[in-house]
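Chains as they are written, first to last, in our numbering: chain A, 1 to 575; chain R, 576 to 1150. Note that the Cβ used here is the ideal one computed from N, Cα and C, for glycine as well. It should be emphasised that the depicted structure is a prediction, and the values quoted were computed from it without experimental measurement.
Number of protein chains: 2
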Amino acid sequence: MKVRNILGERFKEAPKDCTIESHAFMVRGGYMRYMSNGIYSLYTPGKRIMQKIEAIIRDEMDKIGGQEVMFPVVMPASLWEESGRYTSIGSEMARFEDRSKNKMVLGMTHEEAAVHLARDIANSYTDYPFMIYQIQTKFRDEPRARGGLIRVREFTMKDAYSFHTSMEDLQEYYKDCHKAYENIYKRAGAKNVISVKSDSGMMGGSVSHEFMLLSDIGEDTLAICTECDYKSNMEAAECLTEPLNSEVKPLEKVHTPETKTIEALSEFLKIEEKDLCKAVVYQKNADDKYVIVFIRGDLEVNETKLRNYLGEEIHPAVEIFEESGIVAGFIGPVNSNAKAEMIFDKSLIGMNNMVCGANEVDYHYVGANLARDYGKEVEYVDVAKIYEGAACPCCGKKAIKIEKGIEVGNIFQLGTKYTKSMNMTYLDKDGKQQYPIMGCYGIGVGRLAASICQESHDDYGPIWPITIAPWQVEICALRADNEQVKALADSIYDELQKNGVEVLYDDRDVRPGAMFADADLFGVPVRVVVSPKNCEKNVVEISLRDKSLKTEFSADTAVKDILDLVKKEFEKYAL
Amino acid sequence: MKVRNILGERFKEAPKDCTIESHAFMVRGGYMRYMSNGIYSLYTPGKRIMQKIEAIIRDEMDKIGGQEVMFPVVMPASLWEESGRYTSIGSEMARFEDRSKNKMVLGMTHEEAAVHLARDIANSYTDYPFMIYQIQTKFRDEPRARGGLIRVREFTMKDAYSFHTSMEDLQEYYKDCHKAYENIYKRAGAKNVISVKSDSGMMGGSVSHEFMLLSDIGEDTLAICTECDYKSNMEAAECLTEPLNSEVKPLEKVHTPETKTIEALSEFLKIEEKDLCKAVVYQKNADDKYVIVFIRGDLEVNETKLRNYLGEEIHPAVEIFEESGIVAGFIGPVNSNAKAEMIFDKSLIGMNNMVCGANEVDYHYVGANLARDYGKEVEYVDVAKIYEGAACPCCGKKAIKIEKGIEVGNIFQLGTKYTKSMNMTYLDKDGKQQYPIMGCYGIGVGRLAASICQESHDDYGPIWPITIAPWQVEICALRADNEQVKALADSIYDELQKNGVEVLYDDRDVRPGAMFADADLFGVPVRVVVSPKNCEKNVVEISLRDKSLKTEFSADTAVKDILDLVKKEFEKYAL
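1) Go ahead and pull the three-state DSSP assignment for Phe570 (chain A).
2) Only counting the same chain, and skipping five residues up and downstream in sequence, which positions put a Cβ closer than 6 Å to that of Ala688 (chain R)?
3) So which residues of chain R does Asp141 (chain A) contact, with C-beta pairs closer than 8 Å?
4) Would you mind giving the Cβ-Cβ distance between Ala735 (chain R) and Tyr1016 (chain R), rounded to the nearest angstrom? I have them listed as a contact below 8 Å.
5) Would you report the Cα separation of Ser124 (chain A) and Met576 (chain R), rounded to the nearest angstrom?
6) Scan the region 225-267 of chain A and note each continuous beta strand (DSSP E) run of 3 residues or more that stays entirely inside, going in chain order.
7) Quick one: grab the DSSP three-state call for Gln497 (chain A).
8) Note down, one range per segment and in chain order, each alpha helix (DSSP H) of at least 4 residues found wholly within the region 1086-1150 of chain R.
9) Check whether the region 900-915 of chain R touches the region 853-863 of chain R, taking contact to mean three or more Cβ pairs, one atom from each stretch, closer than 8 Å.
10) Go through its chain and collect everything with a Cβ distance to Lys376 (chain A)'s Cβ below 7 Å, but skip five positions before and after it.
11) Could you run through the region 69-84 of chain A and flag, in chain order, every residue whose CB is less than 9 Å away from some CB of chain R?
12) Which same chain residues end up closer than 7 Å to Gln433 (chain A) when comparing Cβ atoms and leaving out the 5 residues on each side of it in sequence?
13) In the DSSP assignment, find the beta strand (DSSP E) that holds His209 (chain A) and state where it starts and stops.
14) State yes or no: is the beta carbon of Ile628 (chain R) nearer than 7 Å to at least one beta carbon in chain A?
15) Leaving out the 5 sequence neighbours to the left and right, which residues in its chain are closer than 8 Å to Ser451 (chain A) when beta-carbon positions are compared?
16) Mind checking whether Ala763 (chain R) and Ile595 (chain R) have CB atoms under 7 Å apart?
17) Are the region 512-525 of chain A and the region 533-541 of chain A touching, with three or more C-beta to C-beta distances below 8 Å?
18) Cβ closer than 8 Å: which chain A residues qualify as neighbours of Ile725 (chain R)?
19) Counting only Cβ-Cβ distances shorter than 9 Å, please list the residues of the region 1-17 of chain A near chain R, keeping chain order.
20) Within 10 Å of its beta-carbon, does Arg603 (chain R) have 16 or more other beta-carbons around it, so buried, or fewer, so exposed?
21) Assign Ser548 (chain A) to buried or exposed, taking buried as 16 or more other Cβ atoms, counted over all protein chains shown, within 10 Å of its Cβ.
22) At which residues does the beta strand (DSSP E) containing Tyr128 (chain A) begin and terminate?
23) Could you name the residues of the same chain whose beta carbon sits closer than 6 Å to that of Ile986 (chain R), not counting the 5 residues immediately before and after it, in chain order?
24) Could you list the residues in the region 440-462 of chain A with a C-beta less than 9 Å from some C-beta on chain R, going in chain order?
25) I'd like the span of the beta strand (DSSP E) that includes Asp734 (chain R), first residue to last.
26) Against chain R, with Cβ distances strictly below 7 Å, would Met35 (chain A) count as a contact?
27) In this structure, how does DSSP classify Pro1037 (chain R) when only helix, strand and coil are distinguished?
28) Spatial neighbours of Thr712 (chain R) within its chain, please: C-beta separation below 7 Å, excluding the five flanking residues on both sides.
29) Can you list, in chain order, the residues of its chain whose CB lies under 6 Å from that of Met515 (chain A), leaving out five sequence neighbours each side?
30) Just to confirm the assignment, what range does the alpha helix (DSSP H) spanning Ile47 (chain A) have?
31) Answer yes or no: does any C-beta atom of chain A fall closer than 7 Å to that of Leu692 (chain R)?
32) Take every Cβ of the region 378-397 of chain A, pair it with every Cβ of the region 292-309 of chain A, and state whether three or more of those distances are shorter than 8 Å.
33) What separation, rounded to the nearest whole angstrom, lies between the Cα atoms of Glu935 (chain R) and His890 (chain R)?
34) Closer than 8 Å by beta-carbon distance: list the chain R residues that pair up with Ile314 (chain A), in chain order.
35) Rounded to the nearest angstrom, how far is the Cβ of Gln67 (chain A) from that of Ile581 (chain R), given a contact under 8 Å?
36) CA-CA distance, Ile295 (chain A) and Gln626 (chain R)?
Quick look at the structure:
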């Protein structure tokens, strides 16, 4: 394809709304165009990258026995009412009424559709296991679209669903799928992708993993043990703390004026934050009722774990009303009149003489002992955020490192959540009715493209791995009005195409600087420069976009040399 | 792929809701599954057919310089407000509010998105012409989904948009696109596809064509001249009638009791229907105002032409209220007090002594002469339906044949409707601002698949052309538990796959009758039967699904023979 024919504009200045490099490059390089919050159109270079990633995903899914199918984007609400998610999912699911006033939804995931497709026909154990997948458009009314294709509302996703007759079979397949995902990232040229234990969230099920591309701009926080294999999304990471078993002392109320924060109290009493008890107030989304979490003063609350423990949605308390009995800044578990559910983090175990709020303005207790002073038995739960240097929940060593990652895939062992609620059954060997066990496996195609761009770029543009690059070779003909240049460049263009190479050809009448700047934005791995000077020497200049090579080849053998280079580039990403 | 692994069920009885063969076969053969009115999921065989058609379309679009892009499914209403279609399109467009109460729509066509993608960058005449296209999911809230994939609400469509700086350039490109469409149908194996002149409807623009697959189950009615090249959708066909120039007679009121219909009147007066004047009453959708069409008694009103003439939506009058002054059954243009717009069809030209209603119960006029009796000048317009045996609007011969067709594609010369309303401009050679001229070109992928099935099947199932068949060869191993059978069938399966052939392999333990019935429903063009009896003779039985071949080949050379057959099948659909 000729650059002159490509619809799109390339330019130098990063748009103001682009806060991360991949977004800026993909706008500046003419890959995508903003239409609405979290909604983009793709130009041809962007579309080509998507198609290449899709082809890799398709191949790996087929290799593990996947059957490609297609589910609808628009589905009847009734299907989602069966699973219970029509009500349990909030405003991130787009809903509308059709012309006959039927309630419809836009698919943001397709567990319901997968069960619908299979439930009437997979009735015997001999029909199992099987996996169906699709690559299609999804819409999720994301409240905080950001980073270009990193977090959007409309996106292309590969979603796969497997069905099994035993947990063992699911677990085996889950491993195959984990491996297939590793293959996908390797082949697509995503270098720093790790899999971490994850929180299953609205998907249901117990075991799940996320594939995280490590990146400073990642929105997910990961806990990684440097001593063992433990890797977890912070949301799902257990926070181990050592029981303190401190000395029991008498309860005493002390005057602590103006000490509404842990910092202020710590300073006032000259006690380290970790020896204080902090209270954090939440409200339940459903009824605004208060929930107070008591936790060691130096720790933070992991809201996902809290949410999972409560089994419902919560948010940090917006306002604390006097009639609640909660005395903001001086909240404590002892002698409290607060109308609130009280949660005690495990970090408080053994904190036998506790500093905590006295539920009275400007007063705290010291020496509080929950077993003695709380008045009823305390249940301790794990709702603390793991932290840098914390003990690893797996090996126990204090070796937890905190990193940021972009979620580029996830896999879930769903169990029977959907087959039970939607009444999908089969007859087992003994003629007994059973619910199939499901797994589901997702990859966002656009996010993966953007993440790879984020990982693989320099100051001038993306450095696309050849396996997903919009084109494999770019020919820059400097002075295509020169007959020799045109003849040589044209012939290389033709020859490479005849050999099945995808070639981008720039024969525009622009300055070399402008042409090279555009080439950097196209990010094509192999670049061939044909110029009058080179023609005189009967050479072409060949370089790699990642700057690992820049050399001259004889014009006579250039095509063969380029084909070799292309082959070598592909080998880098072979399994 | 092995039949035993394919998710899907094949069965004998056509479901009650399937009124056409292609729908029944695609349900019975496990191609698709109903989810909601006009909304289906596709199983793997259905998905594979779609992908093959898409690949053919993509190739032909690329050959005429098309650039594949991707537009969003969900778009902001504001974009459609720019073009005016947010209000002009009715309930067939799905609309919803997102979480921030922004009005959104689901794309049913993407002219607005195409202009949005191009308008800020194609600012110079040197950027033109170009064509962008996508293959993607669309949703149209169709009031009368029917026929399986023939008419659905959610569908996969290839939609292309070209932009030009002159009408001549558009017209040239339009021809290229017309040719590309012919290629697509040929390659996909659709045999009886013709292009007809069409009505441009809500798309705007003047010249447009539809590609029609001729079929009794088609919803479109076509006027085709058997003497010249004229082919038109009836909606867009001019109806030529010869001026009558009948003798002028005096106006006379006659008593015609109980003659409320043309048939009754014709019989009562012993006058042929074609010598009477018929009145047909409509109402405007906007304000319910009446419109009366006067037309020759033997002709029908073409509502599309009437709608286009009026420039607004109309419907047949639901009820005629007395205060309208319209005397139902006795409506005539002379001495009328009707509060209605009167339209005179061209078929009335020269009908100098007309029989028409006298606007009085049980009375008609004879000898009415519009020029003399109507009281003001009459404008005659063409709103009649063309009919079998009518004069051809092109060559004039009475050679019009009426046929039915399924619309499998359409192409429009849009002009500047969208670029003007959405303010897309470029600077021409002289630095003058101009609006680009657009064309648009659509093909529904699923409908094409279903139409080909409708055209190409026998009593037992689809006969897929090899270019779009879900698989190219099916191996039926009768008694795969027989070692010899298994060994031979396995080796043919492996060898064919190594040679790049897509093979379906049935090694299930089922009766031959059941296996062949399933094979007929899969519709795979080349069938290979391996059985104990054949093994003894060291042969395999090879047949074509269309029954044009059934023969035995030596097992030793079978793979080569099958490869030859596959090649020949492909040649049938080569350009």
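In brief:
1) If you number the first sequence from 1, residue 570 (chain A) lands on position 570. Of the three classes helix, strand and coil, the one that applies to Phe570 (chain A) here is helix, per DSSP.
2) As a first step, residue 688 (chain R) must be located in the second sequence, where it is residue number 113. These residues qualify, in order along the chain: Phe646.
3) Here residue 141 (chain A) corresponds to residue number 141 of the first sequence, with the count starting at 1. Correct list: Asp673, Arg674.
4) Counting from one through the second sequence, the residue named residue 735 (chain R) turns up at place 160. Counting from one through the second sequence, the residue named residue 1016 (chain R) turns up at place 441. A Cβ-Cβ distance of about 4 Å is found for the pair Ala735 (chain R) and Tyr1016 (chain R), placing them in contact under the 8 Å criterion.
5) Walking along the first sequence from the start, residue 124 (chain A) turns up at place 124. Walking along the second sequence from the start, residue 576 (chain R) turns up at place 1. Distance from the CA of Ser124 (chain A) to the CA of Met576 (chain R), rounded to the nearest whole angstrom, comes to 20 Å.
6) Counting only unbroken stretches of 3 or more residues, the beta strand (DSSP E) elements lying wholly within the region 225-267 of chain A are 231-233, 252-255, in sequence order.
7) Taking the first residue of the first sequence as 1, we reach residue 497 (chain A) at position 497. Gln497 (chain A) carries a helical assignment under DSSP once its states are collapsed to helix, strand and coil.
8) For the region 1086-1150 of chain R, whole alpha helix (DSSP H) runs of length 4 or above, ordered along the chain, are 1087-1097, 1107-1112, 1133-1147.
9) They touch, by the three-pair rule.
10) Working through the first sequence from its first residue, we reach residue 376 (chain A) at position 376. Its chain contains no residue whose beta carbon lies nearer than 7 Å to that of Lys376 (chain A) once the 5 sequence neighbours on both sides are disregarded.
11) For the region 69-84 of chain A, which is checked against every Cβ of chain R, the residues closer than 9 Å are Val69, Met70, Phe71, Pro72, Val73, Val74, Met75, Pro76, Ser78, Leu79.
12) To locate residue 433 (chain A), count along the first sequence from 1; it is residue 433. Leaving aside the five residues that flank Gln433 (chain A) on each side, the residues in its chain whose CB is nearer than 7 Å to its CB run, in chain order, Thr425, Leu427.
13) Taking the first sequence and counting its residues from 1, the one referred to as residue 209 (chain A) is at position 209. Run containing His209 (chain A): 208-214, per the beta strand (DSSP E) assignment.
14) For the purposes of this step, residue 628 (chain R) is taken as residue 53 along the second sequence, with counting starting at 1. Cβ-Cβ to chain A under 7 Å: no for Ile628 (chain R).
15) Your numbering for residue 451 (chain A) matches position 451 in the first sequence. Ser22, Ile150, Ala190, Leu213, Ser215, Ile406, Val408, listed in sequence order.
16) On the second sequence, residue 763 (chain R) is found 188 positions in, with the first residue counted as 1. On the second sequence, residue 595 (chain R) is found 20 positions in, with the first residue counted as 1. Contact flag unset, no.
17) No, because fewer than three Cβ pairs between the region 512-525 of chain A and the region 533-541 of chain A fall closer than 8 Å, the two stretches do not touch.
18) The residue labelled residue 725 (chain R) in the question sits at position 150 within the second sequence. Within 8 Å Cβ-Cβ: nothing; Ile725 (chain R) doesn't reach chain A, min ~17 Å.
19) Correct list: Met1, Arg4, Asn5, Ile6, Leu7, Gly8, Glu9.
20) As a position in the second sequence, residue 603 (chain R) is number 28, starting the count at 1. Here Arg603 (chain R) is buried: its Cβ has 16 or more other Cβ atoms, across all protein chains shown, within 10 Å.
21) As a working note, residue 548 (chain A) is residue 548 in the first sequence. It is exposed - the Cβ of Ser548 (chain A) has fewer than 16 other Cβ atoms within 10 Å.
22) For this step, residue 128 (chain A) is matched to residue 128 along the first sequence. Per DSSP, Tyr128 (chain A) lies in no beta strand (DSSP E) segment and is marked neither H nor E.
23) Numbered from its first residue, the second sequence carries residue 986 (chain R) at position 411. For Ile986 (chain R), the CB contacts under 6 Å within the same chain, skipping 5 residues up- and downstream, are Cys752, His784, Tyr1016 in chain order.
24) Correct list: empty, as no residue qualifies.
25) Counting from one through the second sequence, the residue named residue 734 (chain R) turns up at place 159. Element bounds for Asp734 (chain R): 729-739.
26) As a working note, residue 35 (chain A) is residue 35 in the first sequence. Closer than 7 Å: yes.
27) Along the second sequence, one-based indexing puts residue 1037 (chain R) at 462. Here Pro1037 (chain R) sits in strand by DSSP.
28) Start at 1 with the first residue of the second sequence, and residue 712 (chain R) comes out as number 137. By the criterion of a C-beta distance shorter than 7 Å, Thr712 (chain R) is surrounded in its chain by Val648, Glu729, Thr731, once the five residues flanking it on both sides are discounted.
29) Walking along the first sequence from the start, residue 515 (chain A) turns up at place 515. Within its own chain, the residues whose Cβ lies closer than 6 Å to the Cβ of Met515 (chain A), once the five positions on either side in sequence are excluded, are Cys476, Asp506, listed in chain order.
30) Taking the first residue of the first sequence as position 1, residue 47 (chain A) is located at position 47. For clarity, residue 47 (chain A) is Lys in the given sequence; the question names Ile instead. Here the alpha helix (DSSP H) through Lys47 (chain A) covers 44-63.
31) Numbered from its first residue, the second sequence carries residue 692 (chain R) at position 117. With 7 Å as the cut-off, Leu692 (chain R) counts as an interface residue toward chain A.
32) Touching, yes.
33) Within the second sequence, residue 935 (chain R) is the residue found at index 360, counting from 1. Within the second sequence, residue 890 (chain R) is the residue found at index 315, counting from 1. Taking the straight line joining both Cα atoms gives about 25 Å.
34) In the first sequence, counting from the first residue as 1, residue 314 (chain A) sits at position 314. Those do not exist, as Ile314 (chain A) stays about 19 Å from chain R at its closest Cβ, beyond 8 Å.
35) Position 67 of the first sequence, counted from the start, is the residue given in the question as residue 67 (chain A). Position 6 of the second sequence, counted from the start, is the residue given in the question as residue 581 (chain R). Contact between Gln67 (chain A) and Ile581 (chain R) holds, since their C-beta atoms are separated by about 7 Å, short of 8 Å.
36) Position 295 of the first sequence, counted from the first residue, corresponds to residue 295 (chain A). Position 51 of the second sequence, counted from the first residue, corresponds to residue 626 (chain R). Cα to Cα, the separation comes out at about 56 Å.
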